[in-house]
Amino acid sequence: MPALDATGRYAPSPTGTLHLGNLRTALLAWLFARSQGAPFLVRIDDLDHGRVRPGIAEQQLADLAALGLGWDGPVVRQSERMEAYVEAIARLDAGGALYPCFCTRAEIRQAASAPHGALPEGSYPGTCRELTRAERAAREASGRPPALRLRAGAASVAFTDRLLGRCAGVVDDLVVRRNDGVPAYNLAVVVDDTAAGVGEVVRGADLAETTPRQLHVAACLGVPAPRYAHVPLVLGEDGARLAKRHGAVTLADRVAAGQSPAEVRALLARSVGLAAARETPTLDELLERFDPSALPTEATVLTSWT
Ligand code: GLU
Numbered sequence: 151m152p153a154l155d156a157t158g159r160y161a162p163s164p165t166g167t168l169h170l171g172n173l174r175t176a177l178l179a180w181l182f183a184r185s186q187g188a189p190f191l192v193r194i195d196d197l198d199h200g201r202v203r204p205g206i207a208e209q210q211l212a213d214l215a216a217l218g219l220g221w222d223g224p225v226v227r228q229s230e231r232m233e234a235y236v237e238a239i240a241r242l243d244a245g246g247a248l249y250p251c252f253c254t255r256a257e258i259r260q261a262a263s264a265p266h267g268a269l270p271e272g273s274y275p276g277t278c279r280e281l282t283r284a285e286r287a288a289r290e291a292s293g294r295p296p297a298l299r300l301r302a303g304a305a306s307v308a309f310t311d312r313l314l315g316r317c318a319g320v321v322d323d324l325v326v327r328r329n330d331g332v333p334a335y336n337l338a339v340v341v342d343d344t345a346a347g348v349g350e351v352v353r354g355a356d357l358a359e360t361t362p363r364q365l366h367v368a369a370c371l372g373v374p375a376p377r378y379a380h381v382p383l384v385l386g387e388d389g390a391r392l393a394k395r396h397g398a399v400t401l402a403d404r405v406a407a408g409q410s411p412a413e414v415r416a417l418l419a420r421s422v423g424l425a426a427a428r429e430t431p432t433l434d435e436l437l438e439r440f441d442p443s444a445l446p447t448e449a450t451v452l453t454s455w456t
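Remember, my numbering sits 150 above the position in the sequence shown when you count from 1.
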């Protein structure tokens, strides 16, 4: 398998307008890729139909474009890639790596609250892993469609993040297909990043905890693992994740208040040490200055931005 290059991507879920934290992640993903002369791709993670809001994906793309964050090739939409997920799930299943899980959320919550060896709290404890044929038949007869889980054997998976350094996690039997038939995030991301040749995943630090699972999925599928850079989140003044109630948190809010997209980009750049006060650098200037090793690793509080 050839080594992956530094092809990067930004993959928003079209569930809400991008806020300054999301936009900063997109800017950093763009800078990581472009500073290495690599392609930058955009994917819309719209598999979760219940959460997708109409028109939001288009607005997200317009925001990226307004900030000058151009991408290569067509935008990929997960909702159009079902065949690839079905094929990957079939491949895992053919190798005997999957089993049906009939547990309800409440059952999992209850069972997961007891300690289960090396697994972190809240992990799936493996209730359906060793069902006898009769037990499985009884659950099937209940009519509740099963999810499909990957036997992970509490694998310990470590990786070196470009920002966070050494990270590790113990992987539980994760869902690869939800019980409503929708491929799970941890499966779809790996299938998509592999298909697109993404070699460097730059995303918010809140997703670092999903990485051991995704690396495990990649290993089970026999595909190469990308490198990772989990960039710090932006928090509101109260220390909570950025949200509408924190004020002017979207590009549209800022533009309505009289800032230009270039000024908003400067604000994002300033918050990671890439621009001086009252300076509006061009993207080329930002590319010249960009040094991953100098990026902050701690979350930024919005009010500290001047
Ligand atoms: N679509 C995911 C999100 O918006 C991010 C996927 C990823 O970057 O791996 O949270």
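Where a beta carbon is used, it is the ideal one built from N, C-alpha and C, also for glycine.
Q. Can you tell me whether residue 368 is buried or exposed, with buried defined as 16 or more other CB within 10 angstroms of its CB?
A. buried
Q. Do you know how far the Cα of residue 336 is from the Cα of residue 241?
A. 16 Å
Q. Under the DSSP definition of a beta bridge, which residues are partnered with residue 159?
A. 191
Q: Could you say if the region 315–330 and the region 285–300 meet the contact criterion of at least three C-beta pairs nearer than 8 Å?
A: yes
Q: Mark residue 184 as exposed unless 16 or more other C-beta atoms lie within 10 angstroms of its C-beta, in which case mark it buried.
A: buried
(Q) Looking only at its chain, what residues have a beta carbon closer than 6 Å to the beta carbon of residue 411, apart from the 5 residues adjacent to it on each side? (A) 216 and 217
Q. In chain order, which continuous runs of the alpha helix (DSSP H) of length 4 or greater are located wholly inside the region 217–269?
A. 232–244 and 255–262
Q: Measure the Cβ-Cβ separation of residue 226 and residue 388 and say whether it is below 8 Å.
A: no
Q: Would you mind reading off the limits of the alpha helix (DSSP H) that contains residue 343?
A: 335–346
**Q.** Nonlocal neighbours in the same chain, by C-beta distance under 6 Å from residue 120, ignoring five residues either side
**A.** This structure leaves residue 120 out entirely; the chain is present only between 151 and 456.
Q. Using 8 Å as the threshold, is the region 368–378 in touch with the region 342–352, meaning 3 or more CB pairs across them?
A. yes
Q | residue 255 versus 238, 239 and 277, residue with shortest Cα-Cα distance | A | 277
(Q) What does DSSP give as the partner residue(s) for residue 421 in the beta ladder? (A) None, per the DSSP bridge assignment.
Q: Could you tell me whether the Cβ atoms of residue 261 and residue 272 are closer together than 8 Å?
A: no
Q) What separation, rounded to the nearest whole angstrom, lies between the Cα atoms of residue 195 and residue 380? A) 18 Å
Q.
Suppose you measure from the CA of residue 443 to the CA of residue 312; what does that come to, to the nearest Å?
A. 8 Å
Q. Going straight from the alpha carbon of residue 189 to that of residue 432, what length do you get?
A. 19 Å
Q) Taking Cβ to Cβ, would you say residue 414 is nearer than 8 Å to residue 404? A) yes
Q. Looking at residue 308 and residue 318, is the spacing between their C-beta atoms short of 8 Å?
A. yes
Q: Over the uninterrupted alpha helix (DSSP H) stretch that includes residue 367, give me the two end residues.
A: 361–371
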